[in-house]
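Report on one structure; see the data block that follows.
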Amino acid sequence: METLRTLPGDDVRQIMWRFADRFDLQMAVQSARAIARSVVARLVADGVRHSHEWNDRKAEILEAFDASGLTAIYMDLEQGGFIDGPKNLAMSLVAFELAWVDGGAATCSLAGCLALAPIHERGTPEQRNYYMSRCVPPPPGEDREPLRGAFALTEPIPYVGVDTGILVGKVSVAEWNDGAEPVLQVEKRGRFITNMDFAGFVTAAVDTNDERIKTSCMVILEENDPGLFDRGAPTLKMVHQLSSTRDPVISLTVPASRIIGGYTVEDGVIVPNYSHGEIIAAVFNRTRIPVGLMTSAKLLSAIEPVIRYQRGRFRGGDAVLPGSPRYELGLQMNEDAQQRLLDVWATGEAGASLGFEAARLFDVLDPLERRKDEIFAEQGVVGMRRQMTALRKVQNDVLEYLEMSGKSDRDEERFKALEADELVRYVLLDSEAGVLCPACKLWNTGYGATMMREAVSLMGGYGITEDCPGFLGHKWMDAQLEATYEGPEAVQRRHLTVTMASPVFLARLGQWMEELEDIESNRPGMGAQTLAAAMRLWRWTHKHLQKAKDSEGKRLYHGKRHGVTFPLADAVCWLLGSRSLILDVLELREKGPLNPVVAEGLEGLVSFYTDVCRVQAARAAGEVGRVCADLVFGYNDGAGQNFEGAEEFSRLRLELDASLAGARSAKDRAAKALTGVMIPEALDYPL
Ligand SMILES: Cc1cc2nc3c(=O)[nH]c(=O)nc-3n(C[C@H](O)[C@H](O)[C@H](O)COP(=O)(O)OP(=O)(O)OC[C@H]3O[C@@H](n4cnc5c(N)ncnc54)[C@H](O)[C@@H]3O)c2cc1C
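Going by our numbering, the sequence shown runs without a break in its numbering and finishes at 916.
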């Protein structure tokens, strides 16, 4: 039987992650890779990560980004960018490539976009065009420094962190002359602010400290505004040392036109069009995806160095002759060494599939969101609250649409009308995106960090040295920051507690189960049946916990009851990652034959990936089964199986267990494939 010949290359990835027809994205990937494996790898190898201070060597990264065009990745064509349309997939691919070598370098690239994101998502057209185009490096002949930014939400203890509402940063009116634009006094202290060494502007979250300003907002602060712009002390971080992080202290006066998204004046009061909370929700929804992908990149980057290490180990000794199993396979003679590496690979693979699916989804959602705003503006539905109420009404249409979509005897005219309705489409995709984004941030980074430790362990003592090939020790530590910044795991779990319970998402999950059953019939062996069974068990448990009570009669499914909702949130992530991977492998199977490079060796590659899908589905199902049983029985004090639906639960659980038939054999096969796969003689970046 054919199996894996080589590690998947660019052509394979372009198909799986759906950018085979996007030359612009392929170019961005190549640019990022060239920088990662030369400038960045050299800095890491030279020990430049050893200092907390920003320095000229670290600044080489920014120069390389400028020269390659990557600094402009986030900009529209008219602002000096080179990618047309939404850029979520583009930024995700770039972050993935950079993090393949070093997470700090990837953060350096992302942080500039994060600083612009509030302006990009909610800024006025003037703010957008001004700041986005000034952040583009100057074309030849133009003499100016590119503007760089920082995003300042987090504040010194005991203020903003996970809780984004406790702001010590304040805005008040400094001067407001009749008929003139108000001048604002802004006080902001930041903690752990990335890019702060060289930021020329800061997008800062501040609360109102003046009855003439109605709500909190975000403001743009420039280094040359009148007042104090102190970059503050460097953060003594142990990770991501190739990015700049400081605790700035800022006290400036700025014109009110710097309020992001603008404002109106009502009865002598400045009313910002967006509160800081509304802006950061829109920002993080997008920027968290590349962060999730950074950790997945590290896991996948570990495969080649670990295989090389394993094969070359224990070749010494007179009795070990070339051609002998010990000489050729080294540590790979041991089943455990093969299988643990496979687990690392499968985790990286599922995380990447989930993250790139989320990024693509936001690329579709972005223009739809703008259309939604236009439609509401035409209808006179203004303000977030009124929009939310209007969208809740659309939800019923979405549910009707989902209900009809699986039926052959439907009212075709009504179905077509719903399908063509942009608001229906928006609500549907938004509910999916609201789960995929936090799931990718939570699972890819959190479980990814755990699996990165596993990768480190496969290198023995070498793993925890600085010269470990592939910089795996650094990557393990760095993964913890990816799990923390832009909202640590608790934030993502809280978010999922709400979004995964939405009726639209639950209905969509039902659709996915049916699709997986179809996949199982047409393409058995991928674990689709197992995944569908795990989804059924999760959905049953979720529903059960909505009405179940603990022994004191208190509700179980409740935002404050993290012991119930957080494990369910973790479980849903396992389901999503496994599903995304299956879909990507189906794509590879379908489109691979059309690409001559991929077609060569495709049979073996697909059969390997089919087994990887099954391994991951089994792992996901195991996790889901454990979480569900724990929650269903764990609060059922002293009552054993005596609860409503006990029989149904047992049936679903048994169905799940039985669907695991063959999963371990698939794991044996896939792990064995790692012993035969060809790898290059040496890693393509320096040590
Ligand atoms: C290197 C680095 C760079 C950064 N860059 C930036 C930047 O550019 N801009 C910026 O604004 N911020 C930045 N941050 C800040 C980062 O986003 C925060 O550290 C992060 O969001 C968590 O906030 P905190 O550290 O204050 O944790 P805390 O709020 O103190 O939370 C600590 C822990 O308590 C638990 N917890 C807290 N609240 C809850 C809750 N309600 N429910 C359950 N559990 C809870 C969680 O386990 C959480 O991880 C950066 C941080 C670092 C380390």
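Every residue, glycine too, gets a C-beta built ideally from N, C-alpha and C.
Taking residue i as the reference, which of the options has the closest Cα?
i	options	result
Leu529	Val494, Thr336, Asp572	Asp572
His469	Arg784, Ala875, Arg278	Arg278
Trp705	Ala678, Glu832, Gly390	Ala678
Asn673	Ala662, Arg784, Leu583	Leu583
Gly867	Arg599, Glu695, Asp779	Asp779
Gly577	Pro554, Lys527, Gln616	Lys527
Gly792	Gly394, Asn514, Gly863, Arg357	Gly863
Asn865	Arg537, Leu785, Gly429	Leu785
Arg441	Leu465, Thr432, Pro411	Pro411
Lys670	Ser637, Ala649, Tyr714	Tyr714
Ala955	Ala409, Glu452, Leu327, Leu797	Absent from the structure is residue 955, since the part of the chain shown begins at 230 and ends at 916.
Leu804	Glu781, Pro825, Gln758	Gln758
His771	Glu642, Phe795, Leu760	Phe795
Thr183	Ala828, Pro551, Val611, Ala712	The structure shown does not extend to residue 183, since the chain is modelled only from 230 to 916, so the question has no answer here.
Trp741	Ala296, Ala684, Leu631	Leu631
Gln356	Pro315, Asp285, Phe421, Glu451	Glu451
Asn502	Leu560, Met613, Arg555	Met613
State the Cα-Cα distance for the pair residue i and residue j, rounded to the nearest angstrom.
i	j	result
Ile995	Phe252	An answer regarding residue 995 cannot be provided, because it is not within the stretch 230 to 916 covered by the chain.
Pro354	Gly490	9 Å
Met467	Gln259	29 Å
Val483	Val402	10 Å
Gly497	Leu413	15 Å
Met230	Asn317	39 Å
Phe380	Val365	17 Å
Ala334	Phe294	10 Å
Glu749	Met755	7 Å
Pro915	Ala263	13 Å
Asp454	Ala301	25 Å
Val861	Phe872	9 Å
Asn424	Ser321	19 Å
Lys789	Val853	22 Å
Glu603	Val389	33 Å
Asn438	Val478	18 Å
Leu481	Glu495	25 Å
Ala892	Val844	6 Å
Met681	Glu695	15 Å
Leu376	Ala328	24 Å
Leu889	Leu738	21 Å
Cys842	Val323	25 Å
Ser809	Lys896	19 Å
If you check the beta carbons only, do residue i and residue j fall under 8 Å apart?
i	j	result
Ala902	Thr232	yes
Gly207	Ala344	The first residue shown for the chain is 230 and the last is 916, placing residue 207 beyond what the model contains.
Ser267	Gly309	no
Leu687	Leu570	yes
Ala511	Arg351	yes
Gly456	Asp476	no
Val391	Pro717	yes
Leu883	Arg765	no
Ala850	Leu885	yes
Leu658	Leu620	no
Phe591	Ser660	no
Leu471	Leu272	yes
Gly635	Glu746	no
Val656	Leu647	no
So, helix, strand or coil for residue i, using DSSP?
i	result
Pro366	coil
Pro199	Since the first residue shown for the chain is 230 and the last is 916, residue 199 is missing from the structure and cannot be characterised.
Ala736	helix
Gln414	strand
Thr726	helix
Thr759	helix
Ser780	coil
Ile693	helix
Thr713	helix
Asp436	strand
Pro825	helix
Pro354	helix
Pro922	The displayed coordinates of the chain run from 230 to 916. Any statement about residue 922 would go beyond what the structure contains.
Glu404	strand
Phe380	strand
Phe543	coil
Pro554	helix
Ala462	strand
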